[in-house]
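J.: Let me give you the structure first, and then I'll get to my questions.
Numbering (UniProt numbering), first residue to last: 1 to 230.
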């Protein structure tokens with residue numbers, strides 16, 4: 001099985017690779033250390049990150065591809081606001097991608113894979129969101145098991161990127177108790193549909209799962225935006 005790296009809490013700051021610069025700059029954008037619409041100058045970023053300009057250019061191109069950065073001819077790069085619309089756009093794409101991946105998985109799933117889904121779900125239930133990082137990595141394993149064998153690698157890679165982006169945004173906010181309960185119940189319903197070979201039911205559950213997560217993130221972002229700052 002092709003492995004997807006587990007989510008890291010922080011990016012390394014002692015390397016000058018494009019990946020490291022990308023991680024650090026993305027984190028700065030998500031957490032508001034660089035402001036919406038702020039210009040991103042290659043030379044200044046290279047100095048600030050103690051690296052050469054090539055890794056910075058690579059990182060900006062990757063961030064552009066993921067929607068974090070907007071590039072305009074003769075004006076360079078600037079930060080796209082990380083707001084509710086940004087999350088909405090990603091989730092609308094995922095509501096199209098993930099049900100399709102799920103339908104296909106139901107058609108090829110094995111008894112061993114169902115047992116593995118149940119094992120991972122048991123760990124998720126036992127953890128009960130006591131550790132957000134561990135929960136996120138278990139949840140990644142759960143969904144990776146369903147999607148990783150799919151023939152459309154472009155779709156799977158897009159899911160991976162979107163998941164990493166949404167996790168990076170959502171880690172700023174605690175998961176509400178109601179959403180925690182919904183996540184566990186949606187996983188149970190999904191496994192039941194997969195065991196029953198109900199591809200359409202499984203697709204509907206995963207669409208609900210994605211939509212619910214997106215709404216939760218957007219609501220938390222909205223509350224944070226409207227709350228008075230100390």
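For glycine and all other residues, C-beta sits at the position ideal for the given N, C-alpha and C.
Predicted model only: the values in this text are computed from it and were never measured.
Assuming residue 191 and residue 141 form a contact by the criterion Cβ under 8 Å, report the distance between their Cβ atoms to the nearest whole angstrom.
T.: Within the chain shown, residue 191 is the residue found at index 191, counting from 1. Within the chain shown, residue 141 is the residue found at index 141, counting from 1. That belief does not hold up - the Cβ atoms of residue 191 and residue 141 are roughly 14 Å apart, past 8 Å.
J.: Output the distance between the C-alpha atoms of residue 8 and residue 60, rounded to the nearest integer angstrom.
T.: As a working mapping, residue 8 is identified with position 8 in the chain shown. As a working mapping, residue 60 is identified with position 60 in the chain shown. At residue 8 the pLDDT is 41, less than 50, meaning the model places this residue with poor confidence; the figure from the coordinates comes in the next sentence. Going by the C-alpha atoms only, they are around 20 Å apart.
J.: Okay, do the segment 91-106 and the segment 157-168 touch, 3+ Cβ pairs below 8 Å being the bar?
T.: yes
J.: Does DSSP put residue 65 in a helix, a strand or coil?
T.: Start at 1 with the first residue of the chain shown, and residue 65 comes out as number 65. Residue 65: helix per DSSP, three-state reduction.
J.: For the pair the segment 111-118 and the segment 181-195, tell me if three or more CB-CB distances fall below 8 Å.
T.: Taking 8 Å as the limit for Cβ pairs, the verdict is that the segment 181-195 does touch the segment 111-118.
J.: For residue 195 and chain D, any beta-carbon pair shorter than 7 Å?
T.: The structure shown has no chain D; it contains just one protein chain.
J.: Is the CB-CB distance between residue 98 and residue 183 below 7 Å?
T.: Counting from 1 along the chain shown, the entry for residue 98 is found at position 98. Counting from 1 along the chain shown, the entry for residue 183 is found at position 183. Residue 98 is not a Cβ neighbour of residue 183, given a cutoff of 7 Å.
J.: Roughly how many angstroms separate the alpha carbons of residue 152 and residue 101, rounded to a whole number?
T.: Counted from its first residue, the chain shown places residue 152 at position 152. Counted from its first residue, the chain shown places residue 101 at position 101. About 9 Å.
J.: Could you check which residue in 34, 174, 81, 103 has the C-alpha nearest to that of residue 196?
T.: In the chain shown, the residue the question calls residue 196 occupies position 196. With distances taken between Cα atoms, residue 196 lies closest to 103.
J.: Report the residue from 164, 176, 23 whose alpha carbon sits nearest the alpha carbon of residue 144.
T.: Within the chain shown, the letter at position 144 stands for residue 144. Residue 144 has its Cα closest to that of 164, out of 164, 176, 23.
J.: Measure from the alpha carbon of residue 226 to the alpha carbon of each residue in 89, 126, 83, 88, then state which is nearest.
T.: Counting from one through the chain shown, the residue named residue 226 turns up at place 226. It is 83.
J.: In angstroms, rounded to a whole number, what distance separates the CA positions of residue 38 and residue 23?
T.: In the chain shown, residue 38 corresponds to position 38, counting from 1. In the chain shown, residue 23 corresponds to position 23, counting from 1. Whole-angstrom Cα-Cα distance: 18 Å.
J.: At what residues does the alpha helix (DSSP H) containing residue 172 begin and finish?
T.: In the chain shown, the residue the question calls residue 172 occupies position 172. Per DSSP, residue 172 belongs to no alpha helix (DSSP H) and is neither H nor E.
J.: Tell me whether the beta-carbon of residue 202 lies closer than 7 Å to the beta-carbon of residue 106.
T.: Within the chain shown, residue 202 is the residue found at index 202, counting from 1. Within the chain shown, residue 106 is the residue found at index 106, counting from 1. Yes, Cβ-Cβ distance for residue 202 and residue 106 is below 7 Å.
J.: Please state whether DSSP places residue 146 in a helix, a strand or coil.
T.: Mapped onto the chain shown, residue 146 falls at position 146. Residue state, collapsed to three classes: helix.
J.: Using alpha carbons as the reference points, say which of 155, 42, 28 lies closest to residue 76.
T.: Position 76 of the chain shown, counted from the first residue, corresponds to residue 76. Nearest C-alpha to residue 76: 42.
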